[in-house]
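Student: Counted the way the working numbering counts, the sequence shown spans residues 16 to 315.
The C-beta atom is built at its ideal place from N, Cα and C for all residues, glycine as well.
Computed from a predicted structure; not experimentally measured.
Pasting a structure below so you can have a look.
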Amino acid sequence: MDSQILSLYAKGLTTRDIVETFKEMYDADVSPTLISKVTDAVKEQVLEWQNRPLESIYPIVYLDCIVVKVRKNGSVINQSIFLALGVNTEGKKKLLGMWLADNEGAKFWLSVLTELKNRGVKDILIACIDGLKGFPEAINSVYPETYIQLCIIHMVRNSLKYVAWKDYKAVTTSLKQVYQAVSESAALSALEAFAEEWDGKYPQISKSWRSHWENLNTFFNYPEDIRKAIYTTNAIESLNSVIRHAIKKRKVFPNEDSVKKVVYLAIEAASKKWTMPIRNWKQAMSRFMIEFGDRLTDHL
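Structure below.
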């Protein structure tokens with residue numbers, strides 16, 4: 016029964032939902048007290064998991080956050096769930112931790128990265144992040160040699176916020192010419208072409224891409240098959256979709272512990288499928304070993 020309760024809880028069902036589900040499916044009466052007791056036992060697992068030692072190096076780490084609504088001091092507030100998803104030297108995904116805070120800020124990310132360091136992560140080769148101000152500096156203050164790659168999907172989404180629906184498809188296609196270019200010089204030419212075509216209507220898009228270029232261009236140093244391993248957001252997007260699916264049934268969480276329990280159980284279920292290396296990992300590792308040398312091989 017405990018495993019069934021936890022499975023339903025991981026899917027985002029509330030205590031009341033679980034009581035009703037057991038009644039409908041099994042004609043069984045399960046008390047809210049029992050459900051709380053079973054799910055509260057997860058709190059210790061979450062604490063242990065969150066403080067476990069980590070591997071000494073992760074070639075790629077994706078850093079992202081999801082916003083949830085939580086009841087706090089009698090009112091409902093937005094809180095951010097901070098997520099650090101690592102790809103280890105075998106190419107397998109591992110969620111390194113999750114953290115809750117009242118908003119997303121580079122200062123909080125700094126504390127997350129410091130915690131990762133304290134838990135044994137000595138180096139990160141490439142960090143894939145969103146465009147939050149001060150984020151690259153926060154990473155490099157803890158991991159000075161880490162390359163930054165801004166998440167392409169985040170950049171595209173932020174760009175499209177400005178765009179009228181009738182131009183949506185055309186702008187998306189033009190942006191694709193930039194980030195799918197064969198080289199950095201070709202990408203910059205495509206960005207010039209984009210600016211010529213769209214600056215009249217949406218000057219802020221090309222301006223944003225240019226201002227972020229230093230942290231957008233990392234993946235152009237690699238062949239196309241390896242680029243996909245770096246800039247693809249499939250890893251973090253699939254994780255986010257699992258979490259969103261678990262939290263969407265709950266409009267508001269009663270407290271922070273409830274958020275952590277639901278997200279942890281959803282992650283635990285999702286991670287059982289993370290048995291294979293990400294695509295093109297062998298080629299990526301061969302390239303990384305040549306490029307990063309002792310920084311990588313010392314940890315193998």
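Under the assumption that Phe209 contacts Val193 (Cβ atoms under 8 Å), give the Cβ distance between them as a whole number of angstroms.
Tutor: 6 Å
Student: Just tell me which of Tyr24, Glu152, Phe234 and Asn66 has its CA closest to the CA of Leu110.
Tutor: Proximity to Leu110 across Tyr24, Glu152, Phe234 and Asn66 peaks at Asn66, based on C-alpha coordinates.
Student: Is the beta carbon of Glu119 sitting closer than 8 Å to the one on Leu100?
Tutor: The beta carbons of Glu119 and Leu100 sit no closer together than 8 Å.
Student: For the segment 219-290, which segments carrying the alpha helix (DSSP H) assignment without a break, of at least 4 residues, lie completely within its bounds, in sequence order?
Tutor: 228-231, 239-246, 249-262 and 271-286
Student: Nearest CA to the CA of Thr290: which residue from Lys58, Tyr279, Asp214 and Asn103?
Tutor: Asn103
Student: Counting beta carbon pairs with one atom in the segment 258-268 and one in the segment 24-40, are three or more of them shorter than 8 Å?
Tutor: yes
Student: Taking the alpha-carbon of Lys84 as reference, which of Ala116, Val76, Ile72 and Glu105 has the nearest alpha-carbon?
Tutor: Ala116
Student: For Ile92, count the other beta carbons within 10 Å of its own beta carbon; 16 or more makes it buried, fewer makes it exposed. Which is it?
Tutor: Using a 10 angstroms sphere on the CB of Ile92, the tally of other CB atoms stays under 16, which defines it as exposed.
Student: Around the Cβ of Tyr73, are there at least 16 other Cβ atoms within 10 angstroms (buried) or fewer (exposed)?
Tutor: With 16 or more Cβ atoms within 10 Å of its Cβ, Tyr73 is classed as buried.
Student: Going by Cα to Cα distance, which pick from Pro292, Ser221 and Lys288 is closest to Asn173?
Tutor: Ser221
Student: Rounding to the nearest angstrom, what Cα-Cα distance links Ser90 and Lys266 in this structure?
Tutor: Our two residues, Ser90 and Lys266, have alpha carbons roughly 14 Å apart in a direct line.
Student: Where do the N-terminal and C-terminal ends of the alpha helix (DSSP H) with Gln192 fall, by residue?
Tutor: Note, Gln192: alpha helix (DSSP H), Tyr183 to Tyr194.
Student: So what does DSSP say about Ile163, is it helix, strand or coil?
Tutor: strand
Student: Please identify the residue among Leu190, Gln19, Cys80 and Val34 whose C-alpha is closest to the C-alpha of Ser223.
Tutor: Nearest option by C-alpha distance: Leu190.
Student: Which of the three DSSP states, helix, strand or coil, is assigned to Pro74?
Tutor: Here DSSP, grouped into helix, strand and coil, assigns Pro74 to strand.
Student: Cα-Cα, which of Trp213, Lys122, Asp214 and Met170 is closest to Asn230?
Tutor: Met170
Student: Out of curiosity, what's the CA-to-CA distance linking Ile241 and Ile167?
Tutor: 15 Å
Student: Measure the C-alpha to C-alpha separation of Glu239 and Val127 and round it to an integer number of angstroms.
Tutor: 31 Å
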